[in-house]
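Chains as they are written, first to last, in this note's numbering: chain D, 5 to 79; chain X, 64 to 313. The beta carbon of each residue, even a glycine, is placed where N, CA and C say it ideally should be.
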Amino acid sequence: MDVAAAKLIGAGLASIALVGAGIGIGNVFGSYLTGALRNPGAAASQQTNMFLGFALCEATGLFGLVVALIILFAF
Amino acid sequence: MKMNPMEQFEVKPVVPIHIGHYDLSFTNQSLWMCIVVGLASLVLTLAVLNPRLVPGRLQSVAELGYDFVANMIRSAAGEDGLVFFPFIFTLFIFVLFANVLGLLPGSFTVTSQIAVTFALACLVILTVLVTGFAVHGIGFLKLFVPKAPFVLLLLLVPIEIISFLTRPISLSVRLFANMLAGHTMLKVFAGFVIALGGAGGALAALSVAPMFLIVAITALEMLVAFLQAYVFAILTCIYLNEALHLHEHH
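Structure, rendered in structure tokens:
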């Protein structure tokens, strides 16, 4: 197997990490919605935490994407 | 014509300057950093040039930004965190303007370069370290020793130290990867539009569909631009809070 083919396969495998990001982000927003529907008064105060949780979750998934890009372009 | 979505991130010299062996060219990245700083300074200076007690629109925007960052620092780092307000406001405004200006077609996103974001993250961590050692002296190292039985500490202290040392990496890669992924996605869809349009016939009519997607993704990217600037700033506040008040709760 030549290097170019292996690179493409490696990049594809590394992108599977984004599944975790998808599940995590869905979890964050789902929990916010559940809480907001039970206690609408407290919803606005937790928006900050919701966005923070979303960004941190997205970041972890994007670390996997960065590995994929490193495999594709830096080797 | 080969369309490479990664080509937009190439750093190209605008004014080549070579001194001896060193390449000190004024690159497109330098140009856009100057544009970011110039535009941010211009907007914020114009906003408070003729201040009124009941603010006009531009002054209102500047005051909203100011209050936003001040409240963020107050809630994350307490009142004595406000000493760092100029630093965190500058950081927030720079990252925000850099992210948003990168959305203009044909521009260069300054924060999509790991060199830039890593420099910013190193600046943050150095500030945290210097603050911690200045306020607490050598007692700053108590940050890595949580309240736990001694046997657990043998495992916990290395974990705490490693998680502290990966902070600059996670801070920089988070911003860099978000900008990189967003702009690459936009370029890939733009490539679809061109490919479909060039195919002619019925497929050319279909080329509107990726165009709508580009509009939707640009909207998402505007949210991400603001959000990533906010997350960078608030994580800086949280790390400074840990340096200022080691493990105390307020």
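- Under the three-pair Cβ rule at 8 Å, the segment 111-122 of chain X does not count as touching the segment 247-264 of chain X.
- For X:Pro149 and D:Ala18, the gap between their C-alpha atoms comes out near 40 Å.
- Neighbours of D:Leu56 in chain X, taken as residues whose beta carbon is under 7 Å from its own, are Val294, Ile297 in chain order.
- DSSP places X:Pro114 in no alpha helix (DSSP H); its state is neither H nor E.
- With fewer than 16 other beta carbons inside 10 angstroms of its own, D:Ser35 counts as exposed.
- Listed along chain D, no residue sits closer than 7 Å to X:Ser175 by beta-carbon distance, the nearest being about 12 Å off.
- A straight-line Cα-Cα distance of about 56 Å links X:Lys210 and X:His81.
- According to the DSSP assignment, X:Val193 belongs to the alpha helix (DSSP H) that extends over 177-199.
- With a threshold of 8 Å between beta carbons, D:Val7 makes no contact with chain X.
- Residues of chain D with a Cβ closer than 9 Å to the Cβ of X:Asn241 are, in chain order, Ala59, Glu62, Ala63, Leu66.
- Within the segment 203-234 of chain X, those residues whose Cβ lies closer than 8 Å to any Cβ of chain D are, in chain order, Ser233.
- By the Cβ test, the segment 149-161 of chain X is not in contact with the segment 262-271 of chain X, since fewer than three Cβ pairs between them sit closer than 8 Å.
- At a cut-off of 8 Å, the C-beta of D:Val23 has no neighbouring C-beta in chain X.
- Contact of X:Gln71 with chain D is not assigned, every C-beta pair being separated by 8 Å or more.
- Taking 8 Å as the threshold, the shortest C-beta distance from D:Val32 to chain X does not fall below it.
- The C-beta distance from D:Thr64 to D:Ala15 rounds to 18 Å, too long to fall under 8 Å, and the pair is not in contact.
- About 5 Å separates the Cβ atoms of X:Val163 and X:Ala288, confirming a contact at the 8 Å cut-off.
- Interface with chain X (8 Å Cβ-Cβ cutoff): D:Leu69 is included.
- DSSP places D:Ile29 in the helix class (H, G or I) of the three-state scheme.
- In the structure shown, the three-state DSSP call for D:Phe79 is coil.
- In the DSSP assignment, X:Pro76 is bridged to X:Thr90.
- Between X:Gly144 and X:Asn304, the gap from beta carbon to beta carbon is short of 8 Å.
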